[in-house]
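Structure (C-alpha cells):
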C-alpha cells in the first residue's frame with residue numbers, strides 16, 4: 001500500500017457556481033438546498049448506480065446543467081432522509097387507520113381526542129406533501145442502471161404507479177363527509193375502505209426501512225424480515241376488518257347486531273361499555289390469526305352466513321400467504337442460500353487465516369473489502385463457469401461486462417467493431433483497493449479505468465493527473481520513445497477501483513491481426529504525450545505564480561470563505577485602550 005498526497009483539486013467539488021464572500025443568507029440558503037437535492041455519497045443507493053467519485057461528480061454536473069433547480073435526485077441526501085421518515089409514517093398509518101376505524105370510541109376524554117386529531121392532521125399533511133415530492137423526484141431504473149430526471153417522464157411514471165393509492169390514502173374523506181352531515185361512524189367506515197389502497201405501499205415502506213443505519217443485514221435476513229412484517233400487517237388488518245364488517249351489517253338492522261353474529265358470542269359488542277378496547281382487539285387478533293394460518297376455527301363458532309363468507313375469504317388469503325412464505329423460504333435455501341453459505345465459509349477461512357498469521361487489523365479490513373467487492377456477497381467459481389461456455393457466448397459476456405467502459409472511453413469509440421472485439425477479448429479485469437500500486441516504471445502495460453480514481457505521477461516528480469471512469473494510461477511508455485522523466489513512475493489507486501489491463505504481449509498479438517489497432521493507439525499515444533508536455537509546463541508556471549492573488553481568485557480559493565464583515569471599533573473605546 002502506498003500513501004499518496006494529492007496536490008490536485010477535490011474531485012467532489014460542487015458543480016454549482018461559487019458565491020461571493022458577502023452573499024446574502026438567502027442566496028447561501030438556496031444554494032445549500034440545491035446541493036441538498038443533488039446526488040450524495042450518504043445515500044445508500046448511490047453505490048449501486050455510481051461506483052466512483054468521478055461518476056458522482058458527472059451526475060451532479062448533469063443534474064445542474066440539464067434539470068430544473070427543484071428536481072430532487074433519488075440518490076440525494078434529502079431523498080434518503082425523506083424515505084426513512086416515510087417508512088415510519090406508512091407503518092404508523094397502516095397500523096392506525098384500520099384500528100381507528102374499528103375500535104375508535106367516542107367515550108375518550110377531550111385531551112386524548114384532541115391529541116389524536118392533531119397527530120392525524122399532521123401525518124396527513126406530510127403525506128400530501130409526499131405526493132408533491134414524488135412528482136419532483138427522479139426515477140431510478142435498476143434494470144438499466146440509469147436515473148431519469150426529466151419532469152414529464154417522472155410525472156408519467158408516478159401517475160402510472162402509486163399516485164392513486166397515495167391520493168386516496170391522504171384525502172380527508174371523514175372530514176368531507178362530516179361537512180355533508182353524514183354520521184361519523186359511516187365516514188369512518190368509508191375511510192377504512194379507502195385506506196385499503198395504502199396497503200400497496202407496505203412493500204415500499206419495508207424497502208425504505210432497510211435504508212436506515214440501524215438495519216444492516218444480508219439479503220436473506222431482509223427477505224425473512226419482510227415476510228414477517230407482511231404477515232403481521234395482514235393479521236392486523238384482518239383483525240380490524242372482522243370487527244368492522246359486522247358493525248356495518250348492524251347498520252342495516254337499525255344499529256343492532258344480528259343475534260348469530262360472532263361479536264355477540266365473543267361478548268365484544270360495540271354497545272358494551274364495560275369491555276376495553278384492548279380486549280376487543282386481542283379477541284379479534286386471535287380469531288384472525290387462527291383463520292389465516294389454518295390453526296382452527298377460532299374460539300367462537302361462526303354462524304352468520306355473511307360472516308362465514310368473510311372468514312372463508314380470510315382463510316383463502318391466508319392459504320395463499322402460507323404458500324408464498326414456504327416458496328420464498330425454499331427458494332432461499334435451495335438457490336441463494338448455497339452461494340451465501342459459500343461466501344460466509346470463504347470469509348470464515350480468511351478470518352482464520354488472518355488470525356493464524358497475526359495480520360494487522362488494517363490488512364484484515366482490506367481483505368474483507370476486496371472479497372466483498374469481488375464476489376458481491378455471493379461466492380461462485382467464475383473461471384469454471386466461464387470455461388464451460390462456447391467462444392461466441394464467452395465474447396458476448398465479456399462485451400457486456402465492458403459495456404460501461406466502452407461507452408465512456410474516447411479511444412474505443414475510434415475503433416471499428418472488429419478491432420474493439422479483438423481488444424476486449426484480451427482485457428483482464430483487476431480490482432485495486434485504496435493505496436494499491438497499479439503501475440510503476442518497470443512494468444509496461446496499458447490500463448483502462450472502468451470506475452474508480454487513479455493518481456498518475458511522472459518520473460520527473462510532477463503529478464500528471466487523476467484517471468477516472470473511461471480514462472486510460474500507459475500508452476506513452478509503450479508506443480512513444482520518450483525521456484525517462486516523461487514516463488510514468490507510479491500509478492496509485494485513490495479509491496476502490498476496477499480496471500482492465502492489456503499486457504504488451506497481448507497487444508502485439510492484436511496488432512498482428514489488425515493493423516488499425518496500432519494506428520489508432522499510436523495516434524492516441526502521441527496526443528497524450530503532447531498533453532503531458534503542456535500540463536508539465538503549466539504546472540511549473542503555476543508553481544511560480546501560486547502566491548499570486550489573481551491565481552487564487554481564479555481557482556476559487558478566495559470565494560466562499562467564512563470571513564464576516566469588519567467590525568469597526570468605536571473611537572471612545574480606542575481612547576480608553
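Residue numbers (full-length UniProt numbering): 1 to 577.
Ideal Cβ positions, reconstructed from N, Cα and C, are used throughout, including at glycine.
These numbers were taken from a predicted model, which means no experiment stands behind them.
For residue 85, tell me which candidate among 529, 431, 498 and 206 has the shortest Cα-Cα distance. Nearest of 529, 431, 498 and 206 to residue 85, Cα basis: 206.
Using 8 Å as the cut-off, can you tell me whether the stretch 113-127 makes contact with the stretch 81-95, which would need three or more C-beta pairs spanning the two stretches below that distance? The count of Cβ pairs closer than 8 Å, one atom from the stretch 113-127 and one from the stretch 81-95, reaches three, so the stretches are in contact.
Three or more C-beta pairs under 8 Å: does that hold for the stretch 347-365 against the stretch 421-430? The stretch 347-365, when compared against the stretch 421-430, does not touch it at the 8 Å Cβ threshold.
Quick check on residue 450: does DSSP put it in helix, strand or coil? Three-state result, residue 450: strand.
Indicate whether residue 55 and residue 436 have their beta-carbon atoms separated by less than 8 Å. No, the pair does not count as a contact, with Cβ atoms beyond the cut-off.
Can you give the beta carbon distance from residue 44 to residue 211, rounded, assuming they're within the 8 Å contact cut? Contact between residue 44 and residue 211 holds, with the beta-carbon distance rounding to 5 Å and staying under 8 Å.
Can you tell me the Cα-Cα spacing of residue 73 and residue 57, whole angstroms? CA-CA distance, residue 73 to residue 57, rounds to 13 Å.
Is it true that the CB of residue 531 sits closer than 8 Å to the CB of residue 490? No; because the gap between Cβ atoms is not below 8 Å, this pair is not in contact.
Under DSSP, the beta strand (DSSP E) around residue 465 begins and ends at which residues? That run of the beta strand (DSSP E) goes 463-467.
Where are the beta strand (DSSP E) runs, 3 residues long or more, that stay fully inside the stretch 254-333, in chain order? As far as the stretch 254-333 is concerned, it has no whole beta strand (DSSP E) run of at least 3 residues.
Do residue 475 and residue 521 have their C-beta atoms closer together than 8 Å? Taking 8 Å as the Cβ cut-off, residue 475 and residue 521 qualify as a contacting pair.
Just the C-alpha distance for residue 322 and residue 286, rounded to the nearest angstrom, thanks. Near 17 Å, if we compare the C-alpha coordinates of residue 286 and residue 322.
Minimum C-alpha distance to residue 537 - residue among 464, 209, 510 and 527: For the residues 464, 209, 510 and 527, the minimum Cα distance to residue 537 belongs to 464.
Let me make sure I understand the geometry here. Which of 100, 98 and 38 has the alpha-carbon closest to that of residue 70? Among 100, 98 and 38, the Cα nearest to that of residue 70 is on 38.
The alpha helix (DSSP H) with residue 168 in it runs from where to where? Note, residue 168: alpha helix (DSSP H), 163-170.
Which residues in the same chain as residue 288 place their Cβ atom closer than 7 Å to its Cβ, once the five residues preceding and following it in sequence are excluded? Short of 7 Å from the beta carbon of residue 288, and not among the five residues preceding or following it, lie these beta carbons of its own chain, in chain order: 235, 238, 239, 242 and 314.
Mapping the DSSP letters down to three states, classify residue 210 as helix, strand or coil. In the displayed model, residue 210 falls within coil according to three-state DSSP, outside both helix and strand.
Express the C-alpha separation of residue 368 and residue 347 in angstroms, rounding to a whole number. Answer to the nearest angstrom: the Cα atoms are 7 Å apart.
Is it right to say residue 142 is buried, meaning 16 or more other beta carbons lie within 10 angstroms of its own, or is it exposed? So residue 142 counts as exposed.
Taking the alpha carbon of residue 157 as the point to measure from, which residue in 169, 140 and 170 has its own alpha carbon closest? Looking from the CA of residue 157, the closest CA among 169, 140 and 170 belongs to 140.
Does the stretch 225-234 touch the stretch 266-283, meaning 3 or more C-beta pairs lie closer than 8 Å? Output reads no: the stretch 225-234 does not touch the stretch 266-283.
Along the chain, which unbroken stretches of the beta strand (DSSP E) at least 3 residues long are found entirely within the stretch 129-158? For the stretch 129-158, whole beta strand (DSSP E) runs of length 3 or above, ordered along the chain, are 139-141 and 146-148.
Can you give me the start and stop residues for the beta strand (DSSP E) that residue 437 sits inside? It spans 437-440 - the beta strand (DSSP E) in which residue 437 sits, taken as one unbroken run.
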